[in-house]
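Residue -4 is where the sequence shown starts when you use this note's numbering, and the numbers rise one by one after that.
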Amino acid sequence: MNSARYAILENGSNKVKNVIIAPERFSFKGNMLLKLNEQVICQPGMFYNKANGVFYYDAELTQTVLIQNGSQG
């Protein structure tokens, strides 16, 4: 049985609830599953833009790179 990595989004929402590895053709009632390839960066709390297929760190869909606050050291 083949498995794949999926982003879980609640139906009607573009916010990622979780990222899982599950058997292909897996379903989760009340949720949309987006199959992810290995190159896609996707984490819980990110936002999906259906128009271009990109995941963003902010709800305004402008930030594709995580910017960390605070000093490095």
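Backbone N, C-alpha and C define an ideal beta-carbon position, used for all residues, glycine too.
Next item on the list: Answer yes or no: do Phe42 and Asn13 have a C-beta to C-beta separation smaller than 7 Å?
Entry: Taking the first residue of the sequence shown as 1, we reach residue 42 at position 47. Taking the first residue of the sequence shown as 1, we reach residue 13 at position 18. Not closer than 7 Å, so no.
Check: According to DSSP, which residues form a beta bridge with Ala2?
Finding: Within the sequence shown, residue 2 is the residue found at index 7, counting from 1. Paired residue(s): Val14, Leu29.
Next item on the list: Report yes if the C-beta distance between Tyr52 and Leu61 is below 7 Å; otherwise report no.
Entry: Residue mapping note: residue 52 aligns to position 57 of the sequence shown, counting from 1. Residue mapping note: residue 61 aligns to position 66 of the sequence shown, counting from 1. A contact, by the Cβ cut-off of 7 Å.
Check: Thr57: buried (16+ other C-beta within 10 angstroms of its C-beta) or exposed?
Finding: The sequence position of residue 57 within the sequence shown is 62, counting from 1. Counting Cβ neighbours within 10 Å, Thr57 comes out exposed, since fewer than 16 surround it.
Next item on the list: Enumerate in chain order the residues of its own chain whose CB-to-CB distance from Glu55 is below 8 Å, with the five nearest sequence positions on each side excluded.
Entry: Reading the sequence shown from its first residue, position 60 is the one you call residue 55. Contacts found: none.
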